[in-house]
Structures are given as structure tokens and as C-alpha cells.
């Protein structure tokens with residue numbers, strides 16, 4: 002096994018203690034170099050871990066927000082589903098009652114039509130304008146005759162009072 006390969010092995014205290022000083026001094030730069038590489042790689046891994054932890058925290062926050070949205074949307078869905086069920090129930094009730102209501106409306110319409118036709122048959126026709134004018138003229142003549150008759154009767158009363166009371 003070469004010394005470079007030995008560097009890849011974990012350090013054993015007994016092995017290190019068994020080495021002589023010149024070999025240790027010779028191996029020191031290699032171990033320092035390896036230590037720098039491992040330290041640099043460890044810093045990279047720690048940085049990656051920090052980044053991943055931040056991403057995980059953000060993902061957890063997004064997950065929490067999505068769960069809240071899911072819960073609220075699920076509640077909204079349940080409300081809509083309940084409304085849909087109520088609408089379906091009402092529609093089925095209406096589909097059962099619709100023929101009954103339709104029959105009642107047709108029956109009422111027939112009754113109203115019959116009553117209206119009976120009323121139109123029994124009602125006097127509306128007078129025309131010439132009939133109105135003739136009636137107005139006739140009433141004016143009767144009024145004039147009544148006024149003349151009242152004046153004549155008043156004269157008769159006045160004459161009677163004058164003749165018998167004086």
C-alpha cells in the first residue's frame with residue numbers, strides 16, 4: 002500500500018504512533034492538503050445544508066399555506082355541494098309538482114276565460130260618441146224643462162201665498 006493510499010484510510014492512533022518522525026514530517030503536507038480539501042468540502046456541504054434547510058423551511062411554509070387554502074377551498078366545496086344538493090332536491094320536488102301546477106294554471110285560465118266571456122256577453126256595449134252626445138242633449142233638455150217647471154211652480158206658490166196670506 003502506498004503512502005497516498007494510506008492517507009485515504011482513517012487515522013489510527015497506533016499507526017501514527019508507529020511512524021517515525023521523518024515519515025511524519027514527510028506526510029504532514031499531504032495531510033494538511035487533505036485537511037484543506039476536506040475542510041473546504043465540509044464548508045460546501047454545510048452551505049448546501051443551510052440552503053437546503055432554508056428551502057425546506059420555505060417548502061414547509063408553502064405546504065402550510067397550501068394546506069390552509071385546501072381546507073378553505075374544501076369547506077367552500079362542501080358548502081357548494083350542500084347548495085347543489087338542496088337545488089337538486091328542489092328541482093326534483095318542482096319536477097314532481099310542475100304537472101300539478103300546470104294543470105291548476107290551465108284550469109284557472111279556463112275558468113277566468115269563461116268568466117270573462119260571460120261578463121262580456123252580459124255587459125252592455127260601450128256607448129259611442131254620438132250616443133253620448135245624444136244622451137247629453139236629452140239630459141240638458143230635461144234639465145231646462147225642470148228648471149222651467151220649478152220656476153212656474155215657484156210663481157204659483159208665490160201667487161198662492163200672496164193671495165191667501167195677505
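In our numbering, the protein residues as written are 2 to 167.
No residue lacks a Cβ here, since even glycine has one placed at the ideal position from N, Cα and C.
Spanning the alpha carbons of residue 49 and residue 88 requires a straight line of approximately 56 Å. Taking the CA atoms as reference points, residue 111 sits about 10 Å from residue 117. For residue 137, the uninterrupted alpha helix (DSSP H) segment begins and ends at 130-166. Here DSSP, grouped into helix, strand and coil, assigns residue 126 to coil. In the three-state reduction of the DSSP assignment, residue 20 falls in the coil class, being assigned neither a helical nor a strand state.
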